[in-house]
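First comes the structure, then the notes that go with it.
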Amino acid sequence: MCASESTAEKKETLNFIEQKIKDDLAAGLNGGRLQTRFPPEPNGYLHIGHAKAIAMDFGVARKFGGVCNLRMDDTNPQKEDMEYVKAIERDIEWLGFKWGKMVYASDYFQELWDFAVWCIKTGKAYVDEQTSEQIAAQKGTPTTPGTNSPYRDRPIEESLALFEEMNSGNMEPGKAILRAKIDMASSNMHFRDPIMYRVLNLPHWRTGTAWNAYPMYDFTHGQSDYLEGVTHSICTLEFVPHRELYDLFVDWIKEWKGEGDNLGDNRPRQFEFNKLNLNYTLMSKRNLLILTKEGVVNGWDDPRMPTICGIRRRGYSPESILRFIDSIGYTTFDALNDVKLMEAAARADLNERATRVSAVLDPVKVIITNYPEGQTEELEVVNNPERPEEGTHYITFSRELWIERDDFKAEPDKKFFRMCPGKETRLKGAYIVDCTGYKANPVTGDVEEIYCTYDPDSKAGTPGASRKVKGTLHWLSCAHCVPAEVRNYECLWTCENPRDAIKQYEKEHGVRGIDAMRPFLNPNSLSVNTSAFVEKWAAELPEFSYLQFQRIGYYNVDPDSTPEHPVFNSTVGLKDSKGK
RNA sequence: UGGACCAUGGUGUAAUGGUAACACUACAGGUUUUGGUUCUGUCAUUAUGGGUUCGAGUCCCGUUGGUCCAACCA
36 MCASESTAEK KETLNFIEQK IKDDLAAGLN GGRLQTRFPP EPNGYLHIGH AKAIAMDFGV
96 ARKFGGVCNL RMDDTNPQKE DMEYVKAIER DIEWLGFKWG KMVYASDYFQ ELWDFAVWCI
156 KTGKAYVDEQ TSEQIAAQKG TPTTPGTNSP YRDRPIEESL ALFEEMNSGN MEPGKAILRA
216 KIDMASSNMH FRDPIMYRVL NLPHWRTGTA WNAYPMYDFT HGQSDYLEGV THSICTLEFV
276 PHRELYDLFV DWIKEWKGEG DNLGDNRPRQ FEFNKLNLNY TLMSKRNLLI LTKEGVVNGW
336 DDPRMPTICG IRRRGYSPES ILRFIDSIGY TTFDALNDVK LMEAAARADL NERATRVSAV
396 LDPVKVIITN YPEGQTEELE VVNNPERPEE GTHYITFSRE LWIERDDFKA EPDKKFFRMC
456 PGKETRLKGA YIVDCTGYKA NPVTGDVEEI YCTYDPDSKA GTPGASRKVK GTLHWLSCAH
516 CVPAEVRNYE CLWTCENPRD AIKQYEKEHG VRGIDAMRPF LNPNSLSVNT SAFVEKWAAE
576 LPEFSYLQFQ RIGYYNVDPD STPEHPVFNS TVGLKDSKGK
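Position 304, counted from 1, in the first sequence is what my numbering calls 339; the numbers after and before it change by one each time, with no gaps.
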């Protein structure tokens, strides 16, 4: 009894960040508060990699009773746009998360400016007037130390005046930058006098023309976290080298705020986890932008895109995405995840969620020769055998039916147990039929019509239906179904790691962007089938309905769909053990 | 060739110095009015060589392999 109880209570294992948060909370760090933030830059649509970060940032807040703010990291007006803000909000909400406050890095522009001025006054920062080339050359390399800028020790008043000028709108971009005075010989490249401010002279979509000089990421993120009250600033592994700088700027801003050393534990801390890599998938925003601009895909929400809106349109539920993310976990190992894991998560979720309907993608006609012409029957079929409470709907049966072309074989092999001459097959939810013959095109040999007789005593649900019949097929009444457009998808890429393949191709052939991508694009990533049929009931379902075309796969009602012209996207096929 | 980080089945994750566990994939079989679902079974000398220890996937040293860092991007 005791033993079975302890095994039944599966001990939930926390990932390393959750464990850290639990420990910090127990130790009373930051007054025992937990606050996180999800900080996207509004310069593109969120993708599945962001979903992993969202699940972490919002997930730990929910799990440990904290809050997670949504913060737009809008420090670079040349790349950002309001269009993306709404899309980001919508995607997060669709995934099922709620933020505490909606904030913007630009909310802190004034405070950041004042802080920067203090940095200059205390000798922590200086204005450098060299060209970017000169600065890059002085930076050194990872193996050789950098050298100091000739402007490094210029008078404070000079820097102060130039900093004002940087923001005046009268200075050309590139003429001057504000740098932190740290250590040009540091083994951490980010410590070699990092840039704090640059002049852009660009209006900002939120602050208008108030600013002409804008702060850099490193001079914004930790301070924003601090000013906002973030305790755990969680990001991906590529920011590990930034952590030391993050901590230093937090030290400085605490000093500026007079918070010094007396409140040593009151500060945001950065933690990093591995970002999501998927094989056969290209994730970077830059590259996704190229795909949309070049028309390789039909927009950000194309069902082949790894964007959240694309995956949604493909037919994934939020729960299936979260289930996938949960299954891959959070570590510090740079993993390349198999898309098969993502598809498995979709199948597991959709099996419980999807409404079963009949669709015939490659139709061939079956005539039930002993079924009276003009007669029809409304047969009741279950919506979801996994959830009987979801009820039933009706499908019409008649003398002339469509079945899948590959569900019939004139000359079957031993492993084939669907329809073939001289054998009984069950039509799911209807009758057992006996195939009596078929008509083939004399020239091509293609099967044009199949003839069957039905057993009137074998109607589904009656005792006569209970005899063993090996094959069960789905079907549609020719006169009672509607033509449908079915969009079938495959991976966009033909190679496991398109990012590396493209990089390699760029190097070898001296081309960039779309030209380096083309060799690796799958020409069959989208195939549109306009000769399919679905039952009428399915054609009238609302957009984004989760469906299973029985015996085929999971499909989703596309937003383009209308009852007159239904359109479906293939999400993922059913597991198929045919041909074993 | 500087620094930081990483390495457990085909893939991903767990094991917090004490019986290498789980999910997915693959394969074999049972059930089934979806060749789905479900159920059962099979698949690892923890990259590698040393060391510490009664005991090492875990700690230490070396080797090998991988990731990240030299944007006026985030």
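Backbone N, C-alpha and C fix where the C-beta goes; we use that ideal spot for every residue, glycine too.
Here's the rule: buried if 16 or more other CB atoms are within 10 angstroms of the residue's CB, otherwise exposed. What is residue i?
i	result
residue 393	buried
residue 544	exposed
residue 277	buried
residue 259	buried
residue 254	buried
residue 573	buried
residue 329	exposed
residue 117	exposed
residue 454	buried
residue 107	buried
residue 20	Here the chain has residues from 36 to 615 only, and residue 20 is not among them.
residue 227	buried
residue 38	With a pLDDT of 35 at residue 38, under the threshold of 50, the modelled position of that residue is not reliable, and no figure is offered here.
Compare the beta carbon distance of residue i and residue j with 8 Å and say whether it is the shorter of the two.
i	j	result
residue 129	residue 353	yes
residue 383	residue 433	no
residue 367	residue 250	no
residue 556	residue 339	no
residue 517	residue 467	no
residue 162	residue 141	no
residue 431	residue 416	no
residue 473	residue 498	no
residue 391	residue 583	yes
residue 479	residue 404	no
residue 225	residue 262	no
residue 409	residue 452	no
residue 370	residue 414	no
residue 554	residue 578	no
residue 124	residue 76	no
residue 356	residue 86	yes
residue 209	residue 167	yes
residue 589	residue 603	no
From the DSSP output, read off the bridge partner residues of residue i.
i	result
residue 561	524
residue 213	162 and 232
residue 63	Partner(s): none; residue 63 has no beta bridge.
residue 111	DSSP, once it has assigned bridges, lists no residue as partnering residue 111.
residue 436	401 and 512
residue 412	432
residue 556	528
residue 474	484
residue 104	72
residue 519	567
residue 372	313
residue 589	583 and 607
residue 378	Answer by DSSP bridge pairing: none, since residue 378 is not bridged.
Rounded to whole angstroms, what's the CA-CA distance from residue i to residue j? Just pull it up for me.
i	j	result
residue 576	residue 171	59 Å
residue 443	residue 399	9 Å
residue 43	residue 525	Note that residue 43 scores 38 on pLDDT, short of 50, meaning its location in the model is unreliable; the coordinates nonetheless yield the value given after this. Going by the C-alpha atoms only, they are around 40 Å apart.
residue 310	residue 113	26 Å
residue 235	residue 66	40 Å
residue 197	residue 178	33 Å
residue 41	residue 88	Annotation note: pLDDT 37 at residue 41 (below 50); position unreliable, coordinate value reported separately. Each residue's alpha carbon lies about 33 Å from the other.
residue 605	residue 389	13 Å
residue 372	residue 532	11 Å
residue 211	residue 190	15 Å
residue 613	residue 587	12 Å
residue 184	residue 214	10 Å
residue 401	residue 347	36 Å
residue 331	residue 164	43 Å
residue 522	residue 154	58 Å
residue 158	residue 313	46 Å
residue 173	residue 182	5 Å
residue 512	residue 435	6 Å
residue 257	residue 284	7 Å
residue 616	residue 486	Here the chain comprises residues numbered 36 to 615, so residue 616 is not present and cannot be evaluated.
residue 127	residue 93	10 Å
residue 53	residue 265	16 Å
Exercise. Counting pairs of Cβ atoms below 8 Å between the stretch 287-296 and the stretch 94-111, do you hit three or more?
Worked result: Contact between the stretch 287-296 and the stretch 94-111 is absent, with fewer than three C-beta pairs closer than 8 Å.
For this session: Please confirm if the stretch 316-330 is in contact with the stretch 272-288, defined as three or more CB-CB distances below 8 Å between the two stretches.
Result: With a cut-off of 8 Å, the stretch 272-288 and the stretch 316-330 do not count as touching, because too few Cβ pairs lie within range.
Exercise. Is it true that the stretch 346-362 meets the stretch 373-380, where meeting means three or more beta-carbon pairs spaced less than 8 Å apart?
Worked result: Remark: three or more beta-carbon pairs, one from each stretch, lie closer than 8 Å, so the stretch 346-362 and the stretch 373-380 are flagged as touching.
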